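**Q** Just dropping this structure here.
Residue numbers (the working numbering): 333 to 874.
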């Protein structure tokens with residue numbers, strides 16, 4: 333059985349570690365100056381070289397080569413023993429399976445013994461954040477003042493879980509995610525040594541899929557190579573990794589830009605029928621929209637990592653969206669990606685996210701619908717889009733001859749309170765009924781009046797689903813408002829009935845006809861939301 337590629341091409345010297353020059357240079361200089369610390373903490377994402385660097389450090393401090401700059405030489409008996417995994421003075425411990433205080437006490441008892449072959453005994457504790465609190469406390473004194481012949485190297489992906497008392501006793505090195513370019517170049521070198529022919533586009537896909545992890549990237553290359561081909565192109569990589577083609581993603585983004593719900597959902601279901609992995613598709617779509625957002629906001633091609641063959645198309649697509657549209661769509665898809673991890677609704681979260689994004693596109697001011705003179709400034713750059721209105725605008729009510737104009741609404745401040753209540757309700761519904769919460773995100777709050785909370789939905793499907801779960805919705809409203817409240821679902825063209833109680837809705841108009849202007853202070857004081865605020869924090873409305 334042959335070794336996996338990531339084991340075969342594991343870094344053997346400081347110079348072999350890709351993307352972590354700041355760590356390699358610091359440790360190399362510490363060797364030159366004989367300033368080796370007694371405890372190190374290596375932190376960073378998975379697959380960025382933490383444990384590999386720990387092994388290199390263990391070789392370097394014990395290497396028998398006379399030239400310090402040549403250490404580790406990977407030729408002396410000590411380096412050879414470490415490379416072969418048989419040096420007794422290099423002890424690698426998996427903290428995930430040795431979490432108890434008894435495990436740490438057993439380690440401490442062995443620390444006092446002198447090295448058997450090497451100059452130093454090096455303890456590498458991987459995933460150290462998994463140790464229990466009592467285990468950390470037991471390790472504390474030894475870590476602070478270890479014997480002169482012992483070096484500790486702690487590695488973790490979650491440094492925030494390590495006690496401050498441990499952190500303060502270690503020299504900390506943060507390993508960074510490796511850039512796509514560096515991963516691509518390293519993969520190309522591995523492919524050359526292995527006799528593979530891999531296209532630059534295929535390397536780019538693998539590098540981006542690894543999200544900064546060199547180990548993941550090499551493993552993906554190994555997986556693709558196992559398909560049985562020595563010539564690897566973009567299509568082969570996408571097939572093996574279960575990814576949607578770049579053309580399909582581009583066409584899907586074009587459908588989003590057109591703002592056609594039917595066409596967008598049709599394309600989605602075509603991909604589903606082909607057996608596409610939904611989570612992979614959503615991640616690819618988010619990545620593409622992120623690229624468009626950077627191009628839309630920054631106008632700088634250097635912000636994105638795209639070949640020239642794809643850059644022109646991406647710039648063309650970026651011009652079809654406004655930044656608020658892209659931000660909203662990315663947020664909706666990100667939430668859908670999280671919802672896909674729960675098996676309650678299949679691909680419903682994606683459908684809701686797309687419809688939500690398209691609904692924003694119709695209510696927000698979009699650049700193509702504005703006059704050309706308003707879209708471009710003198711410098712030729714797109715004018716910033718106007719802010720999205722708080723609610724769907726309604727035509728002014730018809731007035732009979734002789735009727736007085738409607739009184740000015742004194743509730744502008746309460747509209748903000750309604751929006752705040754809506755946010756709290758969505759958070760509460762996430763705990764009570766996640767499926768219903770996903771439906772609510774496609775609606776908009778309209779008003780609170782007469783003990784009822786009115787919510788408007790555009791699509792009948794959403795209306796029916798929310799009505800079916802109205803008991804849970806009423807429960808969430810009661811938690812948020814601190815008292816009984818009834819939810820009422822409205823259609824797209826429906827409005828709350830007229831009421832003598834003050835209304836938080838910007839759509840609600842008072843009955844036409846001559847009547848005196850209401851006193852703003854008394855209207856605010858009588859509103860249930862304001863009364864609740866006064867009861868909670870005290871004070872009075874002036």
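The beta carbon of each residue, even a glycine, is placed where N, CA and C say it ideally should be.
Since the structure is predicted, the reported quantities are computational estimates derived from the model, not experimental observations.
1) Would you identify the three-state DSSP class for residue 828, choosing helix, strand or coil?
2) Just list the residues that DSSP pairs residue 374 with in beta bridges.
3) DSSP on residue 482, reduced to helix/strand/coil?
4) Out of 822, 618 and 400, which one is the CA nearest neighbour of residue 775?
5) What would DSSP say about residue 666, mapped onto helix, strand or coil?
6) Could you tell me how far apart the beta carbons of residue 358 and residue 388 are, in whole angstroms, since I believe they sit closer than 8 Å?
7) The alpha helix (DSSP H) with residue 591 in it runs from where to where?
8) Quick one: what does DSSP say residue 412 is sitting in, helix, strand or coil?
9) Sort out for me which residues DSSP pairs residue 779 with in a bridge.
10) Whole angstroms is fine: what's the gap from residue 658's alpha carbon to residue 621's?
11) Between 812, 489 and 378, which lies nearest to residue 750 when the distance is taken from Cα to Cα?
12) Quick check on DSSP: helix, strand or coil for residue 631?
13) Is there contact between the segment 395-411 and the segment 527-536, where contact requires at least three CB pairs shorter than 8 Å?
14) Mind checking who residue 426 pairs with in its DSSP beta bridge?
15) Between the C-alpha atoms of residue 392 and residue 372, what's the straight-line distance to the nearest angstrom?
16) State buried or exposed for residue 532, treating a residue as buried only when at least 16 other CB atoms are found within 10 Å of its CB.
17) Based on DSSP bridge pairs, tell me the residues matched to residue 564.
18) Assuming the contact rule is C-beta atoms closer than 8 Å, residue 381 and residue 575 should be a hit. Round their C-beta distance to whole Å, please.
19) Give the DSSP-derived three-state secondary structure of residue 585 in the structure shown.
20) For residue 608, does the three-state DSSP call read helix, strand or coil?
21) Buried or exposed: which applies to residue 930, given that a residue is buried once 16 or more other Cβ atoms fall within 10 Å of its Cβ?
22) Could you pull out every residue in the same chain whose Cβ sits closer than 6 Å to the Cβ of residue 563, ignoring the five residues on either side in sequence?
23) Can you find the residues in the same chain that come closer than 6 Å, C-beta to C-beta, to residue 352, ignoring five residues on each side of it along the sequence?
24) Indicate whether the contact test is met: 3 or more Cβ pairs, each with one atom in the segment 596-613 and one in the segment 643-660, closer than 8 Å.
25) Which residue or residues does DSSP assign as beta-bridge partners of residue 820?
26) Should residue 517 be labelled buried (16 or more other beta-carbon atoms within 10 Å of its own) or exposed?
27) Can you round the beta-carbon distance between residue 603 and residue 613 to whole angstroms, since I take them to be within the 8 Å contact cut?
28) Could you give the distance in angstroms between the alpha-carbon of residue 401 and the alpha-carbon of residue 368?
29) Tell me the DSSP bridge mates of residue 382?
30) When we look at the beta-carbon of residue 453 and count the other beta-carbons within 10 Å, is it buried (16 or more) or exposed?
31) Given a threshold of 16 other Cβ atoms within 10 Å of its Cβ, counted over all protein chains shown, does residue 541 qualify as buried or as exposed?
32) Could you tell me if residue 577 is buried or exposed, where buried requires 16 or more neighbouring beta carbons within 10 angstroms of its beta carbon?
33) Go through its chain and collect everything with a Cβ distance to residue 556's Cβ below 6 Å, but skip five positions before and after it.
34) Less than 7 Å between the C-beta atoms of residue 495 and residue 468, yes or no?
35) In the DSSP assignment, the alpha helix (DSSP H) including residue 401 goes from what residue to what residue?
36) If you count every other CB in all the chains shown that lies within 10 Å of the CB of residue 815, and 16 or more means buried, which is it?
**A** From the atom records:
1) As a position in the chain shown, residue 828 is number 496, starting the count at 1. DSSP places residue 828 in coil when its eight states are reduced to three.
2) Numbered from its first residue, the chain shown carries residue 374 at position 42. The partner list for residue 374 (beta bridge, DSSP) reads 487 and 505.
3) By 1-based counting over the chain shown, the position of residue 482 is 150. In this structure, residue 482 counts as strand in the three-state DSSP scheme.
4) Residue numbering aside, residue 775 sits at position 443 when the chain shown is read from its first letter. Minimum Cα distance to residue 775 is reached at 822.
5) Residue 666 sits at position 334 when you count from the first residue of the chain shown. Looking at residue 666 - three-state DSSP - the assignment turns out to be helix.
6) The count along the chain shown starts at 1 and reaches residue 358 at position 26. The count along the chain shown starts at 1 and reaches residue 388 at position 56. Not really, about 13 Å apart at Cβ, beyond 8 Å.
7) What you label residue 591 is simply residue 259 of the chain shown in a count that begins at 1. Neither: residue 591 is in no alpha helix (DSSP H) and is coded neither H nor E.
8) The residue you call residue 412 lines up with position 80 of the chain shown. Reduced to three states, the DSSP call for residue 412 is helix.
9) Counting from 1 along the chain shown, the entry for residue 779 is found at position 447. DSSP output for residue 779 lists 786 as bridge partner(s).
10) Taking the chain shown and counting its residues from 1, the one referred to as residue 658 is at position 326. Taking the chain shown and counting its residues from 1, the one referred to as residue 621 is at position 289. Residue 658 and residue 621: Cα-Cα distance of roughly 7 Å.
11) Taking the first residue of the chain shown as position 1, residue 750 is located at position 418. The residue with the shortest Cα to Cα distance from residue 750 is 812.
12) On the chain shown, residue 631 is found 299 positions in, with the first residue counted as 1. It is coil, neither helix nor strand.
13) no
14) In the chain shown, the residue the question calls residue 426 occupies position 94. Bridge partners of residue 426: 458.
15) By one-based count along the chain shown, residue 392 stands at place 60. By one-based count along the chain shown, residue 372 stands at place 40. Distance between the alpha carbons of residue 392 and residue 372 is about 15 Å.
16) By one-based count along the chain shown, residue 532 stands at place 200. Per the 10 Å Cβ criterion, exposed.
17) For the purposes of this step, residue 564 is identified with residue 232 of the chain shown, where counting begins at 1. Note: residue 564 sits in a beta bridge opposite 530.
18) In the chain shown, residue 381 corresponds to position 49, counting from 1. In the chain shown, residue 575 corresponds to position 243, counting from 1. 26 Å between Cβ atoms; not a contact.
19) Numbered from 1 along the chain shown, position 253 holds the residue referred to as residue 585. Three-state DSSP puts residue 585 in a helix.
20) As a first step, residue 608 is located in the chain shown; it is residue number 276 there, counting from the start. If DSSP states are grouped into helix, strand and coil, residue 608 belongs with coil.
21) Absent from the model: residue 930. The displayed extent of the chain is 333 to 874, so no value can be given.
22) Sequence index remark: in the chain shown, residue 563 carries index 231 (1-based). 529.
23) The residue you call residue 352 lines up with position 20 of the chain shown. Cβ within range, chain order: 381 and 507.
24) no
25) Translated into positions along the chain shown, residue 820 becomes position 488. According to DSSP, residue 820 bridges with 786.
26) Position 185 of the chain shown, counted from the start, is the residue given in the question as residue 517. By the 10 Å Cβ count, residue 517 comes out exposed.
27) Translated into positions along the chain shown, residue 603 becomes position 271. Translated into positions along the chain shown, residue 613 becomes position 281. Right, their Cβ atoms sit about 6 Å apart.
28) As a first step, residue 401 is located in the chain shown; it is residue number 69 there, counting from the start. As a first step, residue 368 is located in the chain shown; it is residue number 36 there, counting from the start. Straight-line Cα distance between these residues: approximately 15 Å.
29) If you number the chain shown from 1, residue 382 lands on position 50. Looking at the DSSP assignment, residue 382 forms no beta bridge with any residue, so it has no partner.
30) Locating residue 453 in the chain shown gives position 121, counting from the first residue. Buried is the call here.
31) Walking along the chain shown from the start, residue 541 turns up at place 209. Residue 541 comes out buried.
32) Sequence index remark: in the chain shown, residue 577 carries index 245 (1-based). Exposed, because fewer than 16 other Cβ atoms sit within 10 Å of the Cβ of residue 577.
33) Working through the chain shown from its first residue, we reach residue 556 at position 224. The answer, listed in chain order, is 564, 569 and 572.
34) What you label residue 495 is simply residue 163 of the chain shown in a count that begins at 1. What you label residue 468 is simply residue 136 of the chain shown in a count that begins at 1. Yes, these two residues count as a Cβ contact at 7 Å.
35) As a first step, residue 401 must be located in the chain shown, where it is residue number 69. Careful: residue 401 lies outside any alpha helix (DSSP H) and carries neither H nor E.
36) Within the chain shown, the letter at position 483 stands for residue 815. Its Cβ having fewer than 16 others within 10 Å, residue 815 is exposed.
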